[in-house]
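Presented below is the structure to which this report refers.
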Amino acid sequence: WVGVKLNLASGYIGVELGQAMDAHCTKVAAAACVGSETGATLFGIGYFHNLSKQSQLQVILGTITNGDAANYILAGGAHNNNVNGASHTGLYTGIKHTF
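Under our numbering, the first residue of the sequence shown is numbered 915, with each subsequent residue one higher.
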């Protein structure tokens, strides 16, 4: 995972790129062990606008591309197609306030 932050006068732009590698496993007793195609790639970009010292407007676009046997989802997202191999794209908007 790598993230980059570009500070602006009114807030900042954040970009992240993450990579989950395929799992490595060994067979125990009679249990099946399949690690291939369990990885995923995440890309996200967002703008975070400071409304005050305590409040921030957030707009984030994210996408996850899953391997055929992977089932990662975007945080906070509702996914009707939450099955192995499904890819997800989402747009999040919100206001964060710190007390």
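C-beta: ideal position from N, C-alpha, C; glycine also.
Work out the CA separation of residue 1011 and residue 929 for me, nearest whole Å.
For this step, residue 929 is matched to residue 15 along the sequence shown. For this step, residue 1011 is matched to residue 97 along the sequence shown. In a straight line, the C-alpha of residue 929 is about 21 Å away from that of residue 1011.
Provide the residue span of the beta strand (DSSP E) that contains residue 949, from first to last.
Here residue 949 corresponds to residue number 35 of the sequence shown, with the count starting at 1. Segment: none, residue 949 is in no beta strand (DSSP E) and carries neither H nor E.
Going by DSSP, what residues sit across from residue 932 in a beta bridge?
The residue you call residue 932 lines up with position 18 of the sequence shown. Partner(s): 956.
For residue 917, count the other beta carbons within 10 Å of its own beta carbon; 16 or more makes it buried, fewer makes it exposed. Which is it?
Here the question's residue 917 lines up with position 3 in the sequence shown. Under this definition residue 917 is an exposed residue.
Does the separation of the CB atoms of residue 923 and residue 953 fall below 8 Å?
Translated into positions along the sequence shown, residue 923 becomes position 9. Translated into positions along the sequence shown, residue 953 becomes position 39. No, the pair does not count as a contact, with Cβ atoms beyond the cut-off.
What are the boundary residues of the beta strand (DSSP E) that residue 918 is part of?
Within the sequence shown, the letter at position 4 stands for residue 918. It spans 916-922 - the beta strand (DSSP E) in which residue 918 sits, taken as one unbroken run.
Have a look at residue 968 and residue 975 and give me their C-alpha separation to the nearest angstrom.
In the sequence shown, the residue the question calls residue 968 occupies position 54. In the sequence shown, the residue the question calls residue 975 occupies position 61. Going by the C-alpha atoms only, they are around 23 Å apart.
Buried or exposed: residue 981, going by 16 or more other Cβ atoms within 10 Å of its Cβ?
Locating residue 981 in the sequence shown gives position 67, where the first residue counts as 1. With 16 or more Cβ atoms within 10 Å of its Cβ, residue 981 is classed as buried.
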